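Inspection log for the structure reproduced underneath, given as structure tokens.
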Amino acid sequence: MIIFNGASSSGKSGIVRCLQSVLPDPWLTFGCDSFVDALPARMRDADGGIVFGADGGVSVGEDFRALEAAWAQGVVTMARAGARIIIDDVFLGGAASQTRWRDTLGDLPALWVGVHCDPSVAAGREIARGDRTPGMAAQQARIVHEGVAYDLTIDTTHTESLACARTIAAHVAASG
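So the sequence shown is numbered by my numbering: it starts at 16 and just counts up by one.
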């Protein structure tokens with residue numbers, strides 16, 4: 016598995032799409048956005064679910080965490096069955112989020128990729144996307160990386176997605 020972590024609008028999804036193109040074998044991708052989109056509407060902006068604050072902050076409750084754990088276990092089960100998996104995530108809890116993934120992975124190896132981007136550049140991307148709460152990228156820029164250990168870090172501030180993907184693909188090839 017390859018697990019990406021970075022703030023909203025840092026460039027993870029673009030890198031993942033390019034990485035799927037440059038890796039020689041087929042890789043499936045799953046992300047926190049697709050997980051959130053799969054939640055029932057009643058879990059948005061609700062206690063126990065996920066709340067997107069007007070300032071760009073995001074908080075999650077117990078029901079969200081329970082479904083997220085089941086989702087992650089399902090993804091890991093696919094990887095154990097032989098699927099190559101790329102995860103596109105936002106570690107709102109920093110190190111605690113990585114620990115949840117590590118516990119779910121058990122002995123399954125993973126490449127941990129940190130995606131960094133200057134907050135002002137990410138904020139511009141956030142505005143251009145039009146589907147994010149303004150301020151989300153800036154709110155998450157620091158906290159998602161707190162205490163997280165990476166095998167590889169990428170900075171997308173001035174580097175295009177394809178170049179980042181090629182760097183990661185070379186790392187995957189070198190690690191066998």
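In this text, a Cβ means the ideal position worked out from N, Cα and C, and glycines have one as well. Keep in mind the model is a prediction, meaning the values are calculated, not measured.
Under a three-way DSSP split, which group does residue i fall into?
| i | result |
| --- | --- |
| Phe6 | This structure cannot settle anything about residue 6, because the visible part of the chain is limited to 16 through 191. |
| Ala21 | Residue identity check: residue 21 is Gly in the sequence provided, not Ala. Gly21: strand per DSSP, three-state reduction. |
| Thr148 | coil |
| Glu141 | helix |
| Thr182 | helix |
Measure the C-alpha to C-alpha separation of residue i and residue j and round it to an integer number of angstroms.
| i | j | result |
| --- | --- | --- |
| Ala221 | Arg95 | Coverage of the chain is limited to positions 16 through 191, which leaves residue 221 absent and any answer about it impossible. |
| Ile101 | Arg117 | 15 Å |
| Gly97 | Lys27 | 24 Å |
| Arg99 | Val90 | 10 Å |
| Ala53 | Met93 | 18 Å |
| Gly72 | Gln154 | 6 Å |
| Ser176 | Thr168 | 13 Å |
| Thr114 | Ala143 | 33 Å |
| Ser190 | Asp62 | 43 Å |
| Gly109 | Asn20 | 9 Å |
| Met16 | Leu123 | 8 Å |
| Leu120 | Ala22 | 22 Å |
| Asp48 | Pro39 | 26 Å |
State the beta-bridge partners of residue i as determined by DSSP.
| i | result |
| --- | --- |
| Glu128 | For the record, residue 128 in the displayed sequence is Val; it is not Glu. Phe19, Leu167, per the DSSP bridge assignment. |
_Touching by the beta-carbon criterion (3+ pairs, under 8 Å), the region 132 to 143 and the region 75 to 90_ = Taking 8 Å as the limit for Cβ pairs, the verdict is that the region 75 to 90 does not touch the region 132 to 143.
*Can we say the region 170 to 180 touches the region 24 to 36, given the rule of at least three CB pairs closer than 8 Å?*
Verdict: yes, contact present.
*What are the uninterrupted segments assigned as alpha helix (DSSP H) that are 4 or more residues long and contained completely in the region 38 to 120, given in chain order?*
Listed in chain order, they are 47 to 53, 77 to 95, 110 to 120.
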